[in-house]
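Everything below concerns the one structure shown next.
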Amino acid sequence: MGLRWLLNRLVVTIPVFFTVVTAVFFMIRFAPGGPFDSEKELPPGVKENLAAKYHLDEPLYQQYLRYWGDLAHGDLGPSFKHANRTVNEIIAESLPVSAELGLLALFWAMLIGVSSGIVAALKRNTLWDYIPMSVSILGICLPTFVIGPLLVLAFAIGLDWLPVAGWESWEHRVLPSITLGFAYAAYLSRLTRGGMLEILSQDFIRTARAKGLSEARVVLHHALRGGLLPVISYLGPAIAGILTGALVTETIFHIPGLGRFFVESALNRDYTVVMGTALLYFALIFVCNMLVDVAYALLDPRVRYE
Amino acid sequence: MSKLSVDATGFSTYSRLLQNVLRLRRFTVGVTAVTQKESSGLWSDAWRRLKANRLAMFGLIFLAFEAAIAILTPWIAPHPFDVQSLENTFANPSMAHWLGTDALGRDVLSRLLFGSRISLMVGFLASMVSVIVGVVYGAVAGWFGGKIDSWMMRIVDVMYALPFIFLVIILMVYFGRDIRLLFLALGLTQWLTMARIARGQVLGLKRKEFVEAAVTVGVPTHRLLSRHIIPNAIGPVIVYLTLTVPAVILEEAFLSFLGLGVQPPHASWGSLISSGVEAMEIAPRLLIAPAIALSLTLFSLNFLGDGLRDALDPKGSTD
């Protein structure tokens with residue numbers, strides 16, 4: 001596992017990133033309806049001033065170069081709809097909220113998914129196996145936007161145990177993080193079960209048992225490392241999915257996170273916010289995928305990146 | 307294999323995922339092996355095995371029933387989907403409105419029927435887009451091989467890393483929420499795996515005697531691909547297609563739930579669920595009815611997909 005592989009991968013990504021930025025930039029400029037064609041007709045003077053302020057009066061290539069220059073400084077530009085706010089400020093406010101929600105969901109998913117998967121594999125063909133596997137079919141088939149509202153209906157409106165929406169106390173965090181993590185817990189549970197079953201039937205596990213190791217040590221020390229490989233490889237798509245799922249979860253529960261901002265801006269056609277947020281999502285997903293691949297290489301001696 | 311693909315690409319997370327979740331490699335190999343025996347036997351054998359699978363048959367029957375209703379909706383729906391009646395909002399179920407009315411006094415059952423029509427149509431057409439693009443791309447890459455193949459598949463690997471759903475949202479924002487654009491955009495998010503499957507099949511078929519014979523007698527390439535290669539590579543493609551349809555239906559529902567897909571007064575399951583969420587404290591059935599329709603459809607498609615995979619892959623173990 002070398003530095004060269006990482007570099008190689010970065011080099012492959014550069015043209016993709018370049019294409020995405022260019023495509024999105026020109027989509028913004030040629031979008032039907034400019035950012036200031038709002039409900040009220042603006043006086044021509046105001047329009048010119050606005051255009052000058054946002055550099056919309058410069059030739060196109062200059063705007064394009066300016067966007068790259070700003071991007072290089074990490075500046076994603078001003079919001080067209082929220083006066084006096086930059087995309088960076090919006091992201092700085094909402095990203096921590098989304099990160100907390102996402103990490104919480106991932107934590108649930110790992111905890112419940114992996115442990116139920118291990119138990120199901122060890123107690124194969126008993127209720128310990130059947131019940132989690134049946135529930136996980138639900139989790140895989142039902143989308144976030146069905147599970148979330150049904151949970152609200154049951155636990156917030158019906159039983160009145162938890163708040164319907166908002167993001168203030170820990171109680172507000174329970175339903176959203178379960179909603180977001182449920183599908184991933186389901187997948188992880190199945191992957192862990194499959195991975196563990198495969199490993200547990202191998203010769204080196206028999207050897208470990210034969211030399212008299214305790215069952216706990218066989219499972220935790222010898223089987224888990226190999227059995228968790230499919231789980232690790234699934235984490236990349238899982239993180240991408242949790243980021244996407246946050247769009248829905250944050251909308252359902254009115255959470256002031258990045259996902260809800262992205263959806264709102266998309267509905268309001270706040271082009272710069274949409275683009276800035278989307279680029280951030282791309283970057284996050286790319287980095288997470290890379291980290292997951294590195295983790296995979298560290299855990300599986302058969303994989304060598306060159 | 308996993309080592310090779312990692313070395314070659316680096317972007318192998320998804321392929322590993324698919325191997326784990328779908329056990330793709332296995333059914334691809336299995337189908338190729340069966341095709342060698344007898345081509346008519348494959349389909350009758352597969353049908354026999356499918357019939358023995360109760361869940362898959364339940365899925366098939368449910369989907370056929372649903373498709374029939376969706377096609378007949380304009381004639382059998384009790385009311386139009388967009389006629390409002392503001393003095394009759396949130397009416398409880400009755401003989402006139404079997405599922406009651408919504409916030410604007412529209413008949414819920416009729417909206418559900420017309421919504422199913424749109425959701426199923428998006429699922430079907432977008433999957434067709436993904437099959438056509440994926441199979442053509444994969445077949446070309448597999449057939450020509452060498453440098454062309456390695457570059458074409460490298461592009462696919464790079465594109466796996468893109469979160470397509472964000473690109474679809476951006477497209478919908480900039481070009482208006484046109485439903486034809488939706489078919490196209492959603493189809494284009496799903497063709498990558500299809501291209502990989504088709505390429506693998508074509509690579510295997512290329513070395514078969516009947517293909518070599520066709521090349522020898524000088525059949526032109528486009529004819530060779532369309533008459534000899536693609537029809538023989540279609541088994542795994544069909545299996546993956548039954549998994550693409552629910553994925554696309556879900557994506558459409560996701561976009562419509564967020565308000566970025568189908569636009570009012572039209573409805574799809576996603577937008578019906580979204581308005582059901584707004585009204586769930588007053589009338590939970592507005593949420594529950596489309597949620598059940600969507601869930602049953604997704605279950606059926608998944609069961610059918612699983613059943614087809616087992617039916618076309620007799621060698622696969624039954625774990």
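Protein chains in written order, with this note's numbering: chain P, 1 to 306; chain G, 307 to 625.
Virtual Cβ for every residue (Gly too), placed ideally from N, Cα, C.
| Item | Value |
| --- | --- |
| Local Cβ density within 10 Å of residue 158/P, reported as buried at 16 or more and exposed below that | exposed |
| Supposed contact pair residue 171/P and residue 162/P - C-beta distance, whole angstroms, cut 8 Å | 5 Å |
| Simplified DSSP state of residue 408/G, which is helix, strand or coil | coil |
| DSSP three-state assignment for residue 86/P, whether helix, strand or coil | strand |
| Neighbourhood of residue 112/P by C-beta distance below 7 Å, restricted to the same chain and skipping five residues each side | 185 |
| Within-9 Å CB hit, residue 20/P to chain G | yes |
| Alpha carbon of residue 434/G to alpha carbon of residue 542/G, nearest angstrom | 15 Å |
| Distance, residue 139/P Cα to residue 106/P Cα | 14 Å |
| Euclidean distance between Cα positions of residue 332/G and residue 116/P | Residue placement at residue 332/G is poorly supported in this model, since its pLDDT is 40, which falls under 50; the coordinates still yield a value, given next. Straight-line Cα distance between these residues: approximately 26 Å. |
| Nearest-angstrom Cα separation, counted from residue 362/G out to residue 216/P | 39 Å |
| Outcome for residue 61/P when other beta-carbon atoms lying within 10 angstroms are tallied against a minimum of 16 | exposed |
| Nearest to residue 583/G (by Cα), restricted to the options 461/G, 565/G and 569/G | 565/G |
| Same chain, Cβ closer than 6 Å to residue 366/G, neighbours up to 5 away in sequence not counted | 610 |
| Short CB-CB distance (under 9 Å) between residue 556/G and chain P | yes |
| Short CB-CB distance (under 9 Å) between residue 145/P and chain G | yes |
| Closest residue to residue 69/P among 95/P, 21/P and 195/P (Cα-Cα distance) | 21/P |
| Interfacial residues, the segment 535–565 of chain G to chain P, with Cβ spacing under 7 Å | 556, 559, 560, 563, 564 and 565 |
| Three-way DSSP call (helix, strand, coil) for residue 78/P in this model | strand |
| Cross-chain neighbours of residue 24/P in chain G, by beta carbon under 7 Å | 476 |
| Interface flag, residue 174/P vs chain G, CB-CB below 9 Å | no |
| Supposed close pair residue 270/P, residue 80/P - CB separation, criterion 8 Å | 5 Å |
| Listed by chain order, chain P residues near residue 587/G by CB distance under 7 Å | 157 |
| Selection from 428/G, 606/G, 380/G and 421/G that minimises the alpha carbon distance to residue 579/G | 421/G |
| Below-9 Å beta-carbon distance, residue 469/G vs any chain P residue | yes |
| Residue 492/G to residue 222/P span [Cα, whole Å] | 43 Å |
| Nearest neighbour of residue 92/P, chosen from 267/P, 288/P and 276/P [CA to CA] | 276/P |
| Top-ranked residue by Cα proximity to residue 150/P, from 126/P, 137/P and 178/P | 178/P |
| Distance between beta carbons of residue 97/P and residue 257/P, contact taken as under 8 Å | 4 Å |
| Any C-beta of chain P under 9 Å from that of residue 363/G | no |
| Counterpart residues of residue 413/G in DSSP-defined beta bridges | 407/G |
| Backbone secondary structure at residue 257/P - three-state DSSP | coil |
| Any C-beta of chain G under 9 Å from that of residue 262/P | yes |
| Own chain partners of residue 548/G with C-beta closer than 7 Å, once the 5 adjacent residues on each side are dropped | 607, 610, 611 and 614 |
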